[in-house]
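Here the structure comes first, spelled out in structure tokens, and everything after it is commentary.
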Amino acid sequence: MRRMIGIVALLALGAACQIGSGSGGDDDDGSGLACTEIGCEHQISVAASSPLGRVFSVELTLDGATASVACDIPEDAVGVLGEVTGPSTLFVECLPDGILIYDHPEELTVRFLDEDGTVLGEAALTPDYDAVTPNGEECEPLCYQGDAVVQTTAAANPTS
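Converting from the sequence shown to the numbering used here requires adding 9 to each position, the first position being numbered 1.
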């Protein structure tokens with residue numbers, strides 16, 4: 010499970026080159042600063058230390074709010090949005106080796122469960138985030154992205 014930072018970094022590098030050359034955006038305020046419009050998302054990648062399998066669930070507590078995520082990843086897919094029960098604004102991508110939460114909670118509890126409900130691992134986390142500004146430090150947006158690992162046992166039908 011990898012963050013999209015590599016792609017964003019390449020795009021930001023290209024944007025920096027355009028800014029340095031005087032092209033690549035509007036200079037509406039006369040500051041000489043031209044910002045591109047590359048987007049980013051707040052996110053935290055939570056990896057399982059052992060293979061999960063393609064069908065699993067996750068119980069989450071994000072800054073006190075609870076949610077459950079049902080994950081059923083097709084054989085030909087790298088990841089899929091999980092079915093979330095809880096906050097309607099929460100998006101979670103299910104991956105064979107963990108999840109990607111599109112949020113940046115200060116406190117996070119994660120519990121991975123096998124398809125039969127067996128707890129594979131759990132952890133209470135206080136994530137560290139990197140501030141990401143794909144259009145340069147002086148330009149919007151500002152996103153917070155981080156990584157964490159939960160120690161797990163292998164699922165009964167792990168993904169290899």
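Quick reminder that beta carbons are idealized off the backbone N, C-alpha and C, glycines included.
Candidates the options: closest to residue i by CA position
i       : options                               : result
Thr-162 : Cys-148, Pro-60 and Glu-68            : Pro-60
Asp-81  : Val-67, Ala-74, Thr-75 and Cys-148    : Val-67
Ala-165 : Phe-121, Ala-157 and Asp-156          : Phe-121
Glu-84  : Asn-144, Leu-134, Asp-123 and Cys-103 : Cys-103
Val-93  : Val-87, Ala-86 and Ala-76             : Ala-76
Tyr-153 : Thr-45, Ser-54, Ala-43 and Ala-132    : Ser-54
Leu-117 : Gly-91, Val-159, Thr-45 and Glu-46    : Val-159
Leu-48  : Gly-155, Thr-142, Glu-147 and Pro-96  : This sequence places Gly at residue 48; Leu is not what is there. Checked all of Gly-155, Thr-142, Glu-147 and Pro-96; the closest Cα to Gly-48 is Thr-142.
Leu-90  : Ser-97, Val-101 and Gln-52            : Val-101
Helix, strand or coil at residue i according to DSSP, with G and I counted as helix
i       : result
Asp-85  : coil
Leu-99  : coil
Cys-152 : strand
Gly-145 : coil
Ser-54  : strand
Ala-157 : strand
Leu-61  : coil
Ile-47  : coil
Bridge partners - residue i, DSSP secondary structure assignment
i       : result
Thr-94  : Ser-77
Thr-162 : None, per the DSSP bridge assignment.
Ser-66  : Ala-79 and Leu-122
Ala-133 : Thr-118
Asp-139 : Gln-154
### Query
Counting pairs of Cβ atoms below 8 Å between the segment 91–110 and the segment 128–143, do you hit three or more?
When Cβ pairs closer than 8 Å are counted between the two stretches, the segment 91–110 is seen not to touch the segment 128–143, the count staying below three.
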